[in-house]
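Residue numbers (the working numbering): 475 to 922. Note that beta-carbon positions come from the ideal geometry of N, C-alpha and C, so glycine has one too. These figures come from a predicted structure and were not determined experimentally. Read through the structure below, which is laid out as structure tokens, and then see the notes.
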Amino acid sequence: MTGTTARTGTTGDTGADGTTAKIAVIGGGPAGLTLARILQVRGIAATVYEREPDRDVRGQGGTLDLHGDTGRRALQEARLTEEFWAKARPEGAEFRIVDKHGAAPRGFGAGPAPDAAGPPGTADGSGAPGGADPGASPEIDRGDLRGLLLDSLAPGVVRWGHRLDRAEPLGDGRHRLHFDNGAVEVCDLLIGAEGAHSRVRPLLTPVEPHYTGVSLVELGIPDADRTAPGAAAAVGNGSLFAFHDNKGLVLQRNSDGRIRVYAFFRSPEDWLRVAGLSADDPARTRAAVARHFADWAPEFRDALAACDDTLRTQPLEILPVGLRWSRSPGVTLVGDAAHLMSPFAGQGVNLAMWDAAELALAVAPVLAPPARWEDSTAASLDAAVEGYEKAMFERGAFWAGISAFNHDRVLAPDGHENLHLMAGPPGPPDGAPAGAPGGAPTGVPAGA
Ligand SMILES: Cc1cc2nc3c(=O)[nH]c(=O)nc-3n(C[C@H](O)[C@H](O)[C@H](O)COP(=O)(O)OP(=O)(O)OC[C@H]3O[C@@H](n4cnc5c(N)ncnc54)[C@H](O)[C@@H]3O)c2cc1C
475 MTGTTARTGT
485 TGDTGADGTT
495 AKIAVIGGGP
505 AGLTLARILQ
515 VRGIAATVYE
525 REPDRDVRGQ
535 GGTLDLHGDT
545 GRRALQEARL
555 TEEFWAKARP
565 EGAEFRIVDK
575 HGAAPRGFGA
585 GPAPDAAGPP
595 GTADGSGAPG
605 GADPGASPEI
615 DRGDLRGLLL
625 DSLAPGVVRW
635 GHRLDRAEPL
645 GDGRHRLHFD
655 NGAVEVCDLL
665 IGAEGAHSRV
675 RPLLTPVEPH
685 YTGVSLVELG
695 IPDADRTAPG
705 AAAAVGNGSL
715 FAFHDNKGLV
725 LQRNSDGRIR
735 VYAFFRSPED
745 WLRVAGLSAD
755 DPARTRAAVA
765 RHFADWAPEF
775 RDALAACDDT
785 LRTQPLEILP
795 VGLRWSRSPG
805 VTLVGDAAHL
815 MSPFAGQGVN
825 LAMWDAAELA
835 LAVAPVLAPP
845 ARWEDSTAAS
855 LDAAVEGYEK
865 AMFERGAFWA
875 GISAFNHDRV
885 LAPDGHENLH
895 LMAGPPGPPD
905 GAPAGAPGGA
915 PTGVPAGA
């Protein structure tokens with residue numbers, strides 16, 4: 475790889491002479507934006523290519539609980555702790571777990587979602603402002619998280635309307651990127667942060683995500699305290715998890731007065747088509763979901779009846795636990811693109827953001843100004859990426875194992891008896907891999 479080769483693209487240029495590394499991040503989700511931000515605060519430019527046409531397009535629904543040892547720690551590295559707490563809802567960490575009759579399983583009531591130890595760097599290690607419980611995992615709406623990350627990036631860092639179609643290795647560690655809109659760019663470091671169906675991943679492994687046998691329908695109750703008071707009371711300030719008979723409902727309060735409803739059930743991947751339904755017909759799809767839960771307690775039936783027609787269906791897919799690849803110069807993956815897992819360890823976004831932080835911190839010493847691009851830079855960059863991947867593989871495998879373990883036990887006839895697994899045991903559950911790279915098991919799946 476030679477740094478002085480004429481460059482065809484403008485990805486991540488920081489110098490007029492074009493001798494700094496061009497870093498392309500594919501995907502402006504939590505991982506991609508966190509990565510670009512942490513590089514930016516260290517004076518390193520990157521370009522994020524996002525398929526969506528602008529920041530307002532997609533309903534960024536759901537809430538996420540950010541853990542002190544990963545998600546919030548990444549925000550500290552991004553110098554966005556204050557911005558996070560301005561939007562966070564510590565009270566949203568409250569969770570309740572029940573069976574299909576609405577009864578708490580033996581020994582379980584409501585409580586705050588527990589968290590692992592906070593990161594170093596603040597008095598209590600959490601970055602929590604006075605009054606907030608540093609031990610809890612505060613919730614933040616996904617849209618707010620995305621908004622604060624986007625607001626923190628320099629203008630032009632995110633190129634909207636750029637869906638990567640394919641990336642072509644140039645043989646010297648660089649890659650040529652082909653976008654659906656006809657744009658072509660060349661980069662020195664390519665980072666796939668584009669989630670489940672990564673277009674960068676095939677450069678590293680032929681492995682694709684597979685269906686878990688569980689489908690998810692995401693619905694929502696508008697103005698829930700007024701339209702579904704029974705369900706709203708059952709949910710409280712945070713989330714209500716009800717799993718039983720191989721299916722489950724997660725009801726989750728959002729900051730805009732909506733309660734988001736996630737319905738999980740075992741089904742063939744094409745259940746919609748088999749049932750003669752389509753996501754374009756939300757009323758009938760909603761009715762079909764309600765039939766799945768017809769023998770559940772009234773608060774659940776009322777909740778489903780009060781949902782509006784904003785509905786999203788999703789087959790739950792995962793990558794194999796412990797997926798790895800051999801090092802390939804100039805390219806790597808972060809977040810779901812690297813270790814897509816079922817949401818039942820509540821870790822996906824936290825890992826995605828911590829991957830981003832670790833990768834940025836690994837490459838920063840090589841690329842920070844006044845570094846200029848040389849052959850030696852390419853070699854050092856690859857060594858840095860290799861170090862990142864080694865830790866990421868271990869962490870991803872550990873949590874994907876926990877997540878698969880929880881998935882099977884929660885989507886079970888007696889799923890309610892196993893819901894404590896998602897509430898953050900002090901150590902790995904029986905049969906799960908021992909040791910917790912990146913922190914102890916914590917968290918609950920709290921939103922997409
Ligand atoms: C129901 C549910 C609940 C969850 N709850 C939690 C939780 O409580 N806590 C938690 O930690 N995790 C949770 N997760 C997991 C979490 O949502 C993901 O792990 C996280 O969003 C991964 O972030 P990411 O940036 O890697 O990918 P994504 O969030 O998938 O972002 C990828 C981005 O890339 C863009 N993109 C895709 N393809 C292309 C392309 N070809 N070119 C350009 N751009 C592209 C997309 O538009 C998107 O903006 C949940 C997941 C689900 C399904």
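Buried versus exposed call for residue i [16 or more other C-beta atoms within 10 Å across all chains shown]
i: S800; result: exposed
i: V658; result: exposed
i: S850; result: exposed
i: N892; result: buried
i: E613; result: buried
i: V499; result: buried
i: R648; result: buried
i: V681; result: exposed
i: R616; result: buried
i: H636; result: buried
i: E553; result: Here residue 553 is Arg; the residue named in the question, Glu, does not match the sequence. R553 comes out exposed.
i: V531; result: exposed
i: G712; result: buried
i: R511; result: buried
i: A908; result: For A908, the pLDDT reaches just 39, beneath the cut-off of 50, and the residue's location in the model is therefore unreliable, leaving the point undetermined.
i: L719; result: The question names Leu, but residue 719 is Asp in the sequence shown. Per the 10 Å Cβ criterion, buried.
i: T494; result: buried
i: H890; result: buried
i: V748; result: exposed
i: R563; result: buried
i: A560; result: exposed
Closer than 7 Å: residue i CB and nearest ligand 1 heavy atom
i: R786; result: no
i: N880; result: no
i: Q550; result: no
i: P504; result: yes
i: Q514; result: no
i: E668; result: yes
i: N711; result: no
i: R633; result: no
i: A657; result: no
i: Y685; result: no
i: G501; result: yes
i: Y862; result: no
i: A826; result: yes
i: D810; result: yes
i: L690; result: yes
i: G566; result: no
i: V531; result: no
i: L885; result: no
i: P817; result: yes
i: G535; result: no
Closer than 7 Å: residue i CB and nearest ligand 3 heavy atom
i: E526; result: With respect to ligand 3, the structure offers nothing, as its ligand set consists of ligand 1.
Residue i (DSSP reduced to helix, strand or coil)
i: V451; result: Lying before the first or after the last residue shown, residue 451 is absent from the chain, which here runs from 475 to 922.
i: T494; result: coil
i: L540; result: coil
i: H671; result: coil
i: V735; result: strand
i: R633; result: strand
i: R801; result: coil
i: E791; result: strand
i: I518; result: coil
i: T784; result: coil
i: L807; result: strand
i: T679; result: coil
i: L644; result: coil
i: E832; result: helix
i: A858; result: helix
i: S611; result: coil
i: H575; result: coil
i: V531; result: coil
i: E692; result: strand
i: E863; result: helix
i: F767; result: coil
Within-8 Å CB hit, residue i to chain B
i: E832; result: Checking the listed chains, one finds no chain B in this structure; it contains a single protein chain.
- Message: With a threshold of 8 Å, are at least 3 pairs of Cβ atoms found where one atom belongs to the region 781 to 798 and the other to the region 669 to 689?
- Response: Taking 8 Å as the limit for Cβ pairs, the verdict is that the region 669 to 689 does touch the region 781 to 798.
- Message: Counting beta carbon pairs with one atom in the region 520 to 532 and one in the region 874 to 883, are three or more of them shorter than 8 Å?
- Response: Verdict: no, contact absent.
- If we count Cβ pairs, one from each stretch, closer than 8 Å, do we get three or more for the region 861 to 876 versus the region 693 to 703? Put simply, the region 861 to 876 does not touch the region 693 to 703. Fewer than three CB pairs are less than 8 Å apart.
- Item | Stretch-stretch touch, CB-based, cutoff 8 Å, three pairs: the region 847 to 862 with the region 562 to 570 | No, because fewer than three Cβ pairs between the region 847 to 862 and the region 562 to 570 fall closer than 8 Å, the two stretches do not touch.
- Query: If we count Cβ pairs, one from each stretch, closer than 8 Å, do we get three or more for the region 803 to 816 versus the region 652 to 668?
  - Reply: Yes, the region 803 to 816 is in contact with the region 652 to 668.
- Message: When you compare the region 544 to 558 with the region 822 to 829, are there three or more beta-carbon pairs, one atom per stretch, that lie closer than 8 Å?
- Response: With the cut-off at 8 Å, the region 544 to 558 and the region 822 to 829 touch.
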